[in-house]
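Report on the following structure.
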Amino acid sequence: MALIETKARPRWTHEPQVSMQEGAQIVALLKDRKPPAGEPVFLISQDGPELYISTATPSAAYLAYIKNQSSSLHGENFLQIHKYGPYDIREDMKMHAFSCLALSIVLKATS
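The opening residue of the sequence shown carries number 1 in the UniProt record's numbering; numbering runs sequentially from there.
What follows is the structure in structure tokens.
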């Protein structure tokens, strides 16, 4: 599963709010789509001229917690979001690296 999000301004102008918003979007996708535990979720985001890839892999305990099937969650089961980037759209090598990763995400999402 994947999301795409864009903002016109560079990320540094609206942090930490944009990271909190992206976390909320990932949780909303998990609640809506109900993936199996261990299936990664990807978020591709653009902030001005920079692209980022974020990924999170929910545990079974985390999915039960966000579905209100469990009243507690231990630290090792918290959802961890890993962010990669920035990939500057003005730099050929950065765009090549980003496009390879983005293609891998698309192929994973459609398999």
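Note that beta-carbon positions come from the ideal geometry of N, C-alpha and C, so glycine has one too.
Small disclaimer: the values here were computed from a predicted structure and weren't measured.
Within the same chain, and ignoring the five residues on either side of residue 45 in sequence, the residues whose Cβ sits closer than 6 Å to its Cβ are 5, 52. Shortest Cα-Cα distance from residue 66 to any of 28, 17, 103, 91 involves 28. Per DSSP, reduced to three states, the secondary structure at residue 79 is coil, with no helix or strand assignment. Its chain contains 40, 42, 82 as the residues whose beta carbon lies nearer than 6 Å to that of residue 55, once the 5 sequence neighbours on both sides are disregarded; these appear in chain order. Contact between residue 11 and residue 50 holds: their C-beta atoms lie close to 6 Å from each other, under 8 Å. Under DSSP, residue 84 forms a beta bridge with 53. Secondary structure at residue 5: strand, using DSSP grouped into helix, strand and coil.
In the DSSP annotation of this structure, residue 69 is not part of any alpha helix (DSSP H), being labelled neither H nor E. Judged by DSSP in its simplified three-state form, residue 45 adopts strand.
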